[in-house]
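First residue of the sequence shown: 3, per UniProt numbering; consecutive thereafter.
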Amino acid sequence: DITVIGSNMIDLITYIDRMPTEGETISAPSFSMGFGGKGSNQAIAAARLGADVAMITAVGGDEFGAQQLDNYEKNGIGTETIIRGKANSGVAPIFVDPTSDNRIIIVKGANEELTPEALNQFIDVIQSSKLIVLQQEIPLETNYRAIEIANEANVPVLLNPAPAVSGIDKDFVTRVQFYAPNETELATITGMPVETLDDIKEAARTLVKEGVSNLIVTLGSKGVLWISPDDAKLIPAHKVDAVDTTGAGDSFIGAFANFYVAGESIPEALAHANDYSAVTVTRPGTQKSYPTAAELNR
Ligand code: ADP
């Protein structure tokens with residue numbers, strides 16, 4: 003029902019006391035590996051909630067690629083739409099210092115092989131979906147092509163413009179049903195301040211005037227703002243003790259997609275996505291922190 007077209011990465015997380023200086027070798031206290039990439043995270047969140055998810059992505063021909071395929075299978079996502087690329091799998095070496103500040107390097111690798119032409123073999127999959135979910139960790143031309151294929155069959159598209167590119171892209175904002183940045187991305191796209199809620203609303207209205215039908219801005223612990231040409235709602239987040247907010251935005255998008263496709267109204271699906279993401283921030287890790295539907299209900 004949901005087709006995610008996007009990235010997958012292997013997160014290589016090194017917990018450091020400090021960064022080494024040039025030419026220096028140091029040892030670090032610990033290391034952990036995790037499945038990541040915005041596309042993969044969103045697909046896994048929706049699948050854990052029980053959605054029927056297809057994932058159009060490219061993994062490398064290396065050992066990490068094999069692990070990615072295995073991760074999708076374990077989460078009930080078929081591998082028929084997964085391309086085995088020539089490059090290395092996408093990786094993200096991440097350095098976390100004792101104050102929890104992150105330094106992240108992204109090596110896109112095989113994700114760059116998810117080209118517009120590569121989508122031609124999946125036109126049926128895209129056009130028979132109930133919702134297409136996109137982010138911006140694959141070539142933007144691939145997103146344009148995905149939207150074109152979806153629009154031809156009147157299949158709605160949700161674009162999470164992350165990482166954000168500065169400037170309002172008319173081809174995106176006027177042709178997707180849902181445009182879903184977080185507040186930082188909203189600032190980058192519009193070039194407007196997002197210090198206060200009023201600033202955020204102002205920037206959001208600008209995007210709606212440019213043609214966004216449903217703008218969904220996630221606001222971290224403040225919740226989520228939804229603005230359409232004839233409606234606006236702020237749905238507050240749950241008050242929880244957050245321990246790790248990595249991947250919160252992706253969990254939100256995946257959960258919203260699941261609830262919306264299941265037939266909920268937009269505000270209902272947003273409220274349920276808030277519930278879902280609140281649970282993920284109380285647990286460590288990215289995909290590791292995403293609950294199943296049964297865990298969420300508990
Ligand atoms: P991103 O990960 O892109 O920065 P946000 O920080 O906006 O995304 O978080 C996405 C969603 O996750 C929020 O809209 C909210 O539902 C939930 N969330 C994030 N941080 C918290 C928090 N500290 N407490 C409760 N919910 C949170």
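Ideal placement from N, C-alpha and C gives every residue a C-beta, glycine not left out.
Alpha-carbon to alpha-carbon, residue j and residue i
i       : j       : result
Thr-208 : Asp-233 : 14 Å
Ile-79  : Glu-24  : 43 Å
Pro-231 : Ile-106 : 37 Å
Asp-103 : Ala-155 : 44 Å
Leu-221 : Ser-42  : 22 Å
Lys-235 : Ile-268 : 10 Å
Ala-295 : Val-242 : 19 Å
Tyr-181 : Ala-152 : 15 Å
Gly-87  : Thr-59  : 10 Å
Ile-191 : Ile-170 : 6 Å
Glu-204 : Thr-176 : 19 Å
Ser-9   : Gly-193 : 26 Å
Glu-266 : Ser-130 : 20 Å
Glu-197 : Pro-293 : 32 Å
Val-93  : Glu-143 : 22 Å
Asn-145 : Arg-300 : 37 Å
Ile-237 : Leu-227 : 6 Å
Lys-40  : Val-167 : 16 Å
Gln-123 : Glu-26  : 48 Å
Val-157 : Thr-81  : 22 Å
Cβ-based burial, residue i [other Cβ within 10 Å; buried from 16]
i       : result
Asp-19  : exposed
Glu-185 : buried
Leu-199 : exposed
Lys-172 : exposed
Thr-101 : exposed
Phe-33  : exposed
Pro-31  : exposed
C-beta atoms of residue i and residue j nearer than 9 Å
i       : j       : result
Ile-149 : Val-159 : yes
Ala-298 : Ile-218 : It is Leu, not Ala, that sits at residue 298 in the sequence shown. Result no, Cβ atoms of Leu-298 and Ile-218 do not sit closer than 9 Å.
Leu-51  : Met-35  : no
Val-98  : Gly-256 : no
Val-178 : Val-210 : no
Ile-202 : Asn-216 : no
Ile-46  : Asn-73  : yes
Gly-249 : Ser-291 : yes
Gln-289 : Asn-162 : no
Gly-225 : Ala-239 : yes
Leu-116 : Ile-96  : no
Ala-53  : Ala-259 : yes
Min CB distance residue i to chain B below 9 Å
i      : result
Arg-86 : Here there is only one protein chain, and chain B is not present.
Cutoff 8 Å; reference residue i; Cβ partners in own chain excluding five residues on either side
i       : result
Pro-165 : Gln-138, Glu-139, Glu-187
Glu-212 : Ile-170, Lys-172, Val-175, Thr-176
Val-127 : Thr-5, Ala-56, Ile-58, Thr-83
Residues of its chain near residue i, where Cβ-Cβ distance is below 7 Å and the 5 sequence neighbours each way are ignored
i       : result
Ser-91  : Ile-12, Val-61, Gly-62, Asp-64, Phe-66, Gly-67, Gln-70, Gly-111, Ala-112
Thr-284 : Val-242, Asp-243, Ala-244, Val-245
Asn-77  : Ile-46, Ala-49, Arg-50
Glu-75  : Thr-81
Cβ-based neighbour list, residue i, same chain, cut-off 6 Å, excluding 5 preceding and 5 following
i       : result
Ile-28  : Pro-22
Phe-254 : Thr-220, Ala-275, Ser-279
Arg-147 : Pro-118, Leu-121
Phe-261 : Ala-271, His-274
Gly-251 : Asn-184, Thr-220
Ala-189 : Val-196
Phe-37  : Asn-73, Gln-289
Asp-277 : none
Integer-rounded CB distance, given that residue j should sit under 8 Å from residue i
i       : j       : result
Glu-114 : Pro-141 : 7 Å
Asp-246 : Pro-286 : 5 Å
Val-263 : Lys-132 : 5 Å
Met-57  : Thr-83  : 6 Å
Val-55  : Ile-4   : 5 Å
Residue i beta carbon near the ligand FMN (any heavy atom closer than 8 Å)
i       : result
Asp-252 : Annotation note on the ligand FMN: not contained in the displayed structure, which lists the ligand ADP as its ligands.
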